[in-house]
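Take 17 as the starting number for the sequence shown in our numbering and just add one per residue.
As structure tokens, the structure follows; a few thoughts come after it.
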Amino acid sequence: TEVPVKKIESLLISLYVGCVLYAIAIVVIKISILLLYRSLFPTPGINLATKIIGAISIAWAFETALVGILSCRPVKAFWDITVTEKKCINTTAFFIANSAVHVVIDIAILTLPIRQVWPLKMSVQKKVVVSFMFLLGGL
């Protein structure tokens, strides 16, 4: 069976909008975790680290949304399969590279509280458990 062009266009428009909403949702989640860390560990080191990681996250979200919006010229070519003269980026390469950067940022966020947990006065077993609980945020 052949899929109607209107259905394909609807799917591609959803993907187009989803790319922007994804960038916004991901950065909001990352910033909320960083703000949680700042409230749990009010130290100058965490304050600076969360500002740096937060700024990188916001910049990367802006980049992701911008590339998503401008991935085809003309923009309409992203969802309109009838446009013949178009130039689009390699979306597969973009999504792989984008995901790799997100993984690096996520690792930085997840490991941030570990340095704060280990100097605490508790048993090594409890430190491992608390550290593991923070790392579970990545699942």
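Quick reminder that beta carbons are idealized off the backbone N, C-alpha and C, glycines included.
**Asked** Helix, strand or coil: which one does DSSP assign to K103?
**Response** In the structure shown, K103 sits in a strand (DSSP, three-state: E or B).
- prompt: Is N114 near V83, with beta carbons less than 9 Å apart?
  reply: Yes, these two residues count as a Cβ contact at 9 Å.
My assumption, with CB atoms under 8 Å, is that I47 sits in contact with G70. Please give the rounded CB distance. 6 Å
With 16 as the cutoff for other CB atoms within 10 Å, does C35 come out buried or exposed? buried
request  = Would you kindly check if the distance between the Cβ of L28 and the Cβ of F94 is under 9 Å?
outcome  = The Cβ atoms of F94 and L28 sit closer than 9 Å to each other.
Next item on the list: Counting only the same chain and skipping the five closest in sequence on each side, list residues whose C-beta sits under 6 Å from that of A81.
Entry: V36 and A39
Item to check | Those residues which DSSP pairs with R89 across a bridge | outcome: Residue pairing by DSSP places R89 opposite K103 in a beta bridge.
Check your understanding: L136 to K103, Cα distance in whole Å?
Key -> 56 Å
*Assigned exposure category for P20 - 16 Cβ within 10 Å defines buried*: exposed
- Item | Where V33 falls, given that 16 or more other Cβ within 10 Å makes a residue buried | That one is exposed.
**Message:** Between the alpha carbons of T17 and D96, how many angstroms are there, rounded?
**Reply:** 21 Å
Requested in this report: With DSSP as the reference, label L128 as helix, strand or coil.
Outcome: coil
Item to complete: Assess, as a yes-or-no matter, whether the region 120-127 is touched by the region 139-146 under the definition of 3 or more beta carbon pairs within less than 8 Å.
Response: With the rule of 3 Cβ pairs closer than 8 Å, the region 139-146 does not count as touching the region 120-127.
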